[in-house]
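Colleague: Quick one: this structure, given as structure tokens, is what I'll be asking you about.
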Amino acid sequence: MPSTTHPYSGVFLTPGSGSNRDHSTLCYLENLLHPLPVERFNFQYREDGKPFPPPVKKLVDEVNEAVIKMSNREGIDSKKLILGGRSLGGRVCSMAVAEGLPAAGLILVCYPLHPVKKPEKLRVEHFPDIKVPCLFISGDKDEFGTPEEFSQHLPQISGPVTRVVLEGKRHDLRGADEHIGEAVSEWLNKI
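Start counting the sequence shown at 1225; every next residue gets the next number (this note's numbering).
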């Protein structure tokens, strides 16, 4: 569990596009960070049983609304919340923060730098507007972004960036929840 002397008071986590709030990584992080308030959020399209997400702008709006609700419910200013999640969920949180949603930092697990086999379709246009501390965790065999591609694009982020690359892991980071938890705990104790 992270120290209580840091500038955050809660964590808001979102799943990847094909998953939900019960993904093992999100559950692991919630248990690890207890008693810190952690919300594992489901996008509405998943609640509605739809297999594919709507346009990303709608998801950003959902995150904005859900973070405000969590802030009010827990009595925590959103600028004291760490936001993030897996893949699409982390991307959406990073876009919300870049567009002005206050946050203490971003945890971005297997961030989808680009679609599989489409490295020219980068998802980094908002990076220069991210001014909070960021933790990127990905595998060295991730089809959505190689370590070299991340090295090329992460310097665009204005805030401090910490990167953890898990050897031998693909985009799903299967079996890596403990390693992810260690990286998150270590990062939270440093910010």
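We put the CB at the ideal spot given by N, CA and C, even for glycine.
All figures in this text were calculated on a predicted structure; none of them were measured in a lab.
Short of 6 angstroms in beta carbon distance, which residues of its chain neighbour serine 1241, apart from the five on each side in sequence? Order them along the chain.
Modeller: Start at 1 with the first residue of the sequence shown, and residue 1241 comes out as number 17. Excluding sequence neighbours, serine 1241 sits near Pro1277 and Leu1312.
Colleague: Going by C-alpha to C-alpha distance, which of Gly1308, Leu1332 and Asp1285 sits closest to glutamate 1323?
Modeller: Residue mapping note: residue 1323 aligns to position 99 of the sequence shown, counting from 1. The candidate whose alpha carbon is nearest that of glutamate 1323 is Asp1285.
Colleague: Among the candidates Gly1314, Ala1327, Ile1331 and Pro1326, whose CA atom is the shortest distance from the CA of arginine 1347?
Modeller: Indexing the sequence shown from 1 puts residue 1347 at position 123. Of the listed residues, the one whose Cα sits closest to arginine 1347 is Gly1314.
Colleague: Buried or exposed: which applies to proline 1239, given that a residue is buried once 16 or more other Cβ atoms fall within 10 Å of its Cβ?
Modeller: Taking the sequence shown and counting its residues from 1, one reaches residue 1239 at position 15. With 16 or more Cβ atoms within 10 Å of its Cβ, proline 1239 is classed as buried.
Colleague: Give the list of continuous alpha helix (DSSP H) stretches no shorter than 4 residues that lie fully inside the region 1277-1351.
Modeller: 1280-1298 and 1312-1322
Colleague: From the DSSP output, which residues share a beta bridge with cysteine 1358?
Modeller: By one-based count along the sequence shown, residue 1358 stands at place 134. Partner(s): Leu1330 and Val1385.
Colleague: Short check: CB of proline 1243 to CB of arginine 1310, under 8 angstroms?
Modeller: For the purposes of this step, residue 1243 is taken as residue 19 along the sequence shown, with counting starting at 1. For the purposes of this step, residue 1310 is taken as residue 86 along the sequence shown, with counting starting at 1. Just to set this straight, residue 1243 is serine in the shown sequence, not proline. In contact: serine 1243 and arginine 1310 (Cβ atoms closer than 8 angstroms).
Colleague: Quick check: leucine 1305 and glycine 1383, are their CB atoms within less than 8 angstroms of each other?
Modeller: Along the sequence shown, one-based indexing puts residue 1305 at 81. Along the sequence shown, one-based indexing puts residue 1383 at 159. No, the Cβ-Cβ distance between leucine 1305 and glycine 1383 is not below 8 angstroms.
Colleague: Give me the DSSP bridge partner(s) of arginine 1264.
Modeller: One-based indexing of the sequence shown puts residue 1264 at position 40. Note: arginine 1264 sits in a beta bridge opposite Leu1237.
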